[in-house]
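So the sequences go chain by chain: A and B.
Every number in the numbering used here is 177 more than the matching position in the first sequence, counting from 1.
Every number in the numbering used here is 136 more than the matching position in the second sequence, counting from 1.
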Amino acid sequence: MATIKEIRDRINSVNDTRKITNAMYLISSTKLRRAKKMLTDTEPFFFSTQAMISRLVRHLPDGVDNIFLETRLEIPEDERRRGYIIFTDDKGLAGSYNHNVLKLAEEKIAVDKGDWKLFVIGEVGRFHFLSKNMDIEESFMFTSQNPTLHRARKIAAEILDYYYSRKLDEFYIIYTTVQGTKIDTKFEKLLPLEIITDIKREKPMTGTMLEEFLMEPSPSAILDNIVPNYVTGFIYGALVEAFCSVQSARMMAMDSANKNAEKMIADLQRTYNRQRQAMITQEITEVVSGAKALKNAKKAKERNKDKQKTRNYS
Amino acid sequence: MNGNKVMTFGLRVISVNGIFYDDRAEEIILPCADGELAVLANHEEMILALSDGVIKIKKPGGEWLYGVVSLGSVQVANNRCIVLVNTVEKPEDIDKQRAREAYEFAMEHLQQKQSIKEFKKSQAGLARALTRLKAASKYVD
């Protein structure tokens, strides 16, 4: 059994750790609140842009040529070059958050044939793929802390550059969403736009009259304008969602860490008390038995003296 | 229509970080690649591309509201107008100091040798900084 000092030290150390996890819990909860607000603010933009793109594509006159209208379905599966944008966090201590994202990414990469390249946001993911020697874009260095529109714009520019120059054919995005307390890892196609591909696939019914739209300066120019905007919005949304999720995951992880610490402290306190009690009992026994021995010794001495006295008188 | 009541249309100005305007409006002036364009009630259906600049909204009653926007698009249909932009700010909210710094930063970058991608990025940055700076000095006081 551990000595009383060792237990005391252990209790102190658990207490200190609990203070840290508790602080992390509080920090995450305030960050989460702020991120939630950002998320609700960006939602209207997202849905209206989607609606506008689908309206635009449905009303496009014939013969419009634009890079965003390509479905790239004609490229055979195993020759398509894919880009994966993976959202991880810069730090751990968030439960299974990073692990889930990386697992899903690896599963998808293993299934998809053809060439691929990884665009990783966040330190954890970058280290993970670097240590596995996978092909990641080296210059793509972005943090997942405090999502800003500025960063989303930079990321979008980077990705669109690959798309324009046709170095990659498709882009997929792997991020995490949170609904209430349920955290979901998602895999979505970013480019070519799914909405455009869907509309192109279902051939327009002949004979239906669609209202005419005046398009200024030209349909292609509008597409060039709205699609990058949409991509920026999408990436901003994903950044914010991922940030929300990681804070929420960290909150939960820290909450259970706090609970575990409390349980540990209670257990340790009990052993500590038991040890202390045992020590006190032992001390009392020692004192009592010591006193008794002394008393016995004294008695024996006195008896001896008495005996001597009587011997002297006689 | 009767002269004293101006017709209005539904207007929504939405940016990535929130809804800027969601109400009836009498008129909106939009910055386009080839100059400004005003939209009144019952405008023909159209879809437009916006460039960096200032949108001017005339609220019912004649009051004007300004917003500095970056790239976006506009859709007009059924007497409803939806403006979708990356960012929109009121001129009085613009931090002039920061806009000037961004302007100088972009200028400096443009003068260095760089790839086409970087050039486009700094060019876009410069245009954004310039419109913000201009709007901030023009519409505030």
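Note that beta-carbon positions come from the ideal geometry of N, C-alpha and C, so glycine has one too.
Remark: C-beta atoms of S151(B) and M229(A) do not approach each other more closely than 8 Å. Around the beta-carbon of F304(A), fewer than 16 other beta-carbon atoms lie within 10 Å, marking it exposed.
Here D361(A) is bridged, per DSSP, to T354(A).
Using a Cβ distance threshold of 8 Å, K194(B) and E172(B) do not count as a contacting pair. The beta carbon of T144(B) lies closer than 8 Å to those of R160, A161, E162, A177 and P196 in the same chain, with the five residues before and after it left out.
Distance from the Cα of A169(B) is smallest, within the candidate group S225(A), K469(A), P394(A) and L416(A), for P394(A).
DSSP lists R148(B) as the beta-bridge partner residues of D158(B).
Contact annotation: A333(A) and T409(A) have beta-carbon atoms nearer than 8 Å. Listed along the chain, the chain B residues whose CB falls inside 8 Å of the CB of A398(A) are A169 and A185. For R232(A), the chain B residues whose C-beta falls within less than 9 Å of its own C-beta are I183, Q211 and A213, listed in chain order. Between the stretch 259-268 of chain A and the stretch 291-305 of chain A there are three or more C-beta pairs closer than 8 Å, enough to call the two in contact. With its beta carbon at least 8 Å from every one in chain A, L246(B) lies outside the interface. Contact annotation for P394(A) against chain B: C168, A169, D170, L184 and A185 [CB-CB distance below 9 Å, chain order]. Contact with chain B is absent for A212(A), since none of that chain's Cβ atoms lies less than 8 Å from the residue's Cβ. The count of Cβ pairs closer than 8 Å, one atom from the stretch 193-205 of chain A and one from the stretch 422-435 of chain A, reaches three, so the stretches are in contact. Contact annotation: in the stretch 140-165 of chain B, residues whose CB is within less than 8 Å of a CB in chain A are R148, I150, S151, V152, N153, G154 and I155. Shown here, G198(B) sits in coil according to DSSP, grouped into three states, outside any helix or strand. Annotation for G467(A): no residue places its beta carbon closer than 6 Å to its own, counting only its chain and skipping 5 residues before and after. From the listed residues L471(A), I350(A) and K472(A), the smallest Cα separation to A415(A) is found for I350(A).
Scanning its chain for C-beta atoms nearer than 7 Å, with the 5 sequence neighbours on each side dropped, one finds around I399(A) the residues L233 and M392, in chain order. Here DSSP, grouped into helix, strand and coil, assigns F317(A) to coil. For D239(A), no CB of chain B lies under 8 Å from its own CB, so it is not counted at the interface with that chain. Going by DSSP, M311(A) is part of no alpha helix (DSSP H) at all; its letter is neither H nor E.
With the criterion set as a beta carbon lying under 7 Å from some beta carbon of chain A, the members of the stretch 221-232 of chain B are N222 and T223, in sequence order. Interface annotation, L207(B): in contact with chain A, CB-CB separation under 8 Å. For G299(A), the three-state secondary structure derived from DSSP is coil. By a beta-carbon distance limit of 8 Å, G260(A) contacts E347(A). Their separation comes to about 7 Å. As a beta-bridge residue in DSSP terms, G260(A) pairs with K294(A) and F348(A).
Straight-line measurement puts the Cα of I165(B) at about 28 Å from the Cα of A329(A). Exclusion of the five residues before and after V221(B) leaves S151, V205 and G208 as the residues of its chain whose Cβ lies within less than 6 Å of its Cβ. At a C-beta separation below 7 Å, T219(A) has these neighbours in chain B: V152 and N153. Interface residue (Cβ-Cβ distance to chain A less than 8 Å): E180(B) is classified as such. For P405(A), there is no enclosing beta strand (DSSP E); the residue is found in the alpha helix (DSSP H) stretching over P396 to Y490.
Secondary structure of Q233(B) (DSSP, three-state): helix.
Under the Cβ criterion of 8 Å, K257(B) is counted among the residues facing chain A. Counting along the chain, no beta strand (DSSP E) covers M143(B), and no H or E run does either.
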